[in-house]
Amino acid sequence: MKIALILPEARQASVLNEIGHFIARSEMAAEHVEAWLLPESEYSEPLLDGLYAHFVRAPVDMLLFPSGWQGAELATRLAHRLQGEAWSAINDADFPRQVVHKNAYGGALVAALQLQNKPWCLSVAAAPGAKTWQPEIEYVQIPVAAQKPGWLVESAVIADEAESGLADARLVLVVGRGVGSPQGMAQVEEIACGLGMETGASREAVMHAWCSMDKLLGMSGTQVAADVCIAAGVSGAPAFISGIAHSQFIVAINNDPQAAIFRHADVGIVDDLLPVLAELQTCVREDI
């Protein structure tokens, strides 16, 4: 099977890592793998034109795209042009059986999906950025036109927020609804800073505007592979757990002894989060 890895030049290392996680979890036998490098572009149309033209010259059986909205868009639209098949946010695959797997229903279930018409255009699921995959493969630069599409009258670019450093953090303190308020979140961030930890949050905490969107952990946020992850005041919904599952050691703090988060933790503490975190900070200071 011939495979092309679609790599945006600006995010080459992180996307290689995502695809490396996918390949490591999958059953596959690749005869030939090459990377197609895409330049930065505000528009998807020139990227699609470049990918299509190169595919016509050098067809492959499968194209693997980055996670996120742009990877999913490019995979879907290119599959349509090539009369192939597209799936997004794929966790792993059993290619001898032509089956791929992805999370469904907020991570509560895993869907098994049958692949049919080639070429297969798949965007992979987000993966933690702890390791760097550096395969020995051929790199091909895809020529892309610089001009915007003729049908586009006007566009605007909204600058992304600065990255929080959460994806590569070795120590992470993540909170959920149990933090209770913006004031509680401020206390947690102060404690995390004192402990040398990056702060993350569940979707519920982010949607209450207790912290910025770049702190979101989970299926639709950042995935971490921390050495130590403290999950405080988090119920433990499947969509959230996918964001911390790769961590080496998980500590759960929750005042509900039946909270689902305890099933995923190496250590569980049944108590309110702020007193426990404050005591932890005191112990660390005394130890230092």
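All letters in the sequence shown, in the order written, are residues -1 to 286 by this note's numbering. Note that beta-carbon positions come from the ideal geometry of N, C-alpha and C, so glycine has one too.
In terms of residue numbering, what span does the alpha helix (DSSP H) encompassing residue i cover?
i	result
residue 47	42 to 55
residue 10	10 to 23
residue 181	180 to 193
May I ask which residues mark the beginning and end of the beta strand (DSSP E) holding residue i?
i	result
residue 74	Not the beta strand (DSSP E): residue 74 falls in the alpha helix (DSSP H), residues 66 to 80.
residue 88	83 to 88
residue 267	265 to 268
residue 228	226 to 230
residue 197	196 to 199
Per DSSP, which one or two residues make a beta bridge with residue i?
i	result
residue 34	4 and 138
residue 287	Nothing can be reported for residue 287: it is not among the residues displayed for the chain, which extend from -1 to 286.
residue 292	Nothing about residue 292 can be reported from this structure: the residues present for the chain run from -1 to 286 only.
residue 164	In DSSP, residue 164 forms no bridge with anything.
Using a 10 Å radius around the Cβ and a threshold of 16 neighbouring Cβ atoms, would you call residue i buried or exposed?
i	result
residue 150	exposed
residue 19	buried
residue 265	exposed
residue 262	buried
residue 128	Confidence is the limiting factor: at residue 128 the pLDDT is only 48, short of 50, which leaves the residue's position unreliable and the question unanswerable from this model.
residue 220	buried
residue 6	buried
residue 4	buried
residue 64	buried
residue 205	exposed
Would DSSP call residue i helix, strand or coil?
i	result
residue 62	strand
residue 146	coil
residue 212	helix
residue 274	helix
residue 169	strand
residue 106	coil
residue 242	coil
residue 206	coil
residue 176	helix
At least 3 beta-carbon pairs within less than 8 Å: the segment 20 to 31 vs the segment 83 to 92 = yes
Does the segment 164 to 172 come within contact of the segment 191 to 211, defined as at least 3 CB pairs closer than 8 Å?
-> yes
Quick check: the segment 41 to 50 against the segment 64 to 74, are there 3 or more CB pairs under 8 Å?
-> Touching, per the Cβ criterion.
Validate contact between the segment 95 to 104 and the segment 222 to 233 using beta carbons, cut 8 Å, 3 pairs = no
Does the pairing of the segment 175 to 184 with the segment 70 to 82 give three or more beta-carbon distances under 8 Å?
-> no
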